[in-house]
Amino acid sequence: MCFNNLFYLLKDQFIFIIFEACLITITFYALFEDIKNRDSGMTIGRGNQSWAYFYATFGIISVIISGFFSATEIKEIINYKGIIFLLNIGITLYLCFYNGWSTNKIVGFVTSIKNKKF
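Residue numbers for the sequence shown follow the numbering used here, so the first one is 5 and each next one is one higher.
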């Protein structure tokens, strides 16, 4: 009985729901943070290096989403995979290029990795 529950957690249906829930939660949180910080009046000019981070992040996440959707076989969404895929790519595009909070997080994350001493 316990293994059946464990195997259910590994099924495409469950992973898909968790993936979509995480993406939607991150999007709403980023939107809330961006609106909250927009009133500060600060603007940040991004250099070429920052834009390269955004392009790389968008590319990596897009490949992950593409692979996930091509590997997923869920009967309930088979007719809606195209629109769900486009919405996910649109959300990723927004988070990687247009949301101030998430772009700051991308730059901070890459900078912390570059400054890490091994």
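The beta carbon of each residue, even a glycine, is placed where N, CA and C say it ideally should be. Since the structure is predicted, the reported quantities are computational estimates derived from the model, not experimental observations.
Asked                                                                                                                                                                                             : Found
Can you check which of these residues, Ala75, Phe122, Leu97, Asn103, is closest to lysine 40 by C-alpha distance?                                                                                 : Asn103
Decide if serine 106 is buried, meaning its Cβ has at least 16 other Cβ atoms within 10 Å, or exposed.                                                                                            : buried
Report the rounded CA-to-CA distance for leucine 10 versus phenylalanine 23, giving the unit in angstroms.                                                                                        : 17 Å
Leaving out five residues on either side along the sequence, give the residues of the same chain with a beta carbon under 7 Å from the beta carbon of leucine 27.                                 : Asn92, Ile95
Where do the N-terminal and C-terminal ends of the alpha helix (DSSP H) with asparagine 103 fall, by residue?                                                                                     : It is not in any alpha helix (DSSP H) - asparagine 103 carries neither H nor E in the DSSP assignment.
Is the region 15-22 close to the region 74-86, with three or more CB pairs under 8 Å?                                                                                                             : yes
Would you tell me roughly how many angstroms separate the C-alpha atoms of phenylalanine 58 and serine 116, rounded to the nearest one?                                                           : 15 Å
Would you tell me roughly how many angstroms separate the C-alpha atoms of aspartate 170 and glycine 51, rounded to the nearest one?                                                              : A query on residue 170 cannot be resolved here, the shown segment of the chain reaching from 5 to 122 and no further.
With 16 other CB atoms within 10 Å as the buried threshold, where does leucine 99 fall?                                                                                                           : buried
Please go through the same chain and pick out, in chain order, the residues whose beta-carbon is closer than 8 Å to the beta-carbon of leucine 35, but skip the five residues on each side of it. : Asn103
So what does DSSP say about glycine 86, is it helix, strand or coil?                                                                                                                              : helix
Could you pull out every residue in the same chain whose Cβ sits closer than 7 Å to the Cβ of asparagine 108, ignoring the five residues on either side in sequence?                              : none
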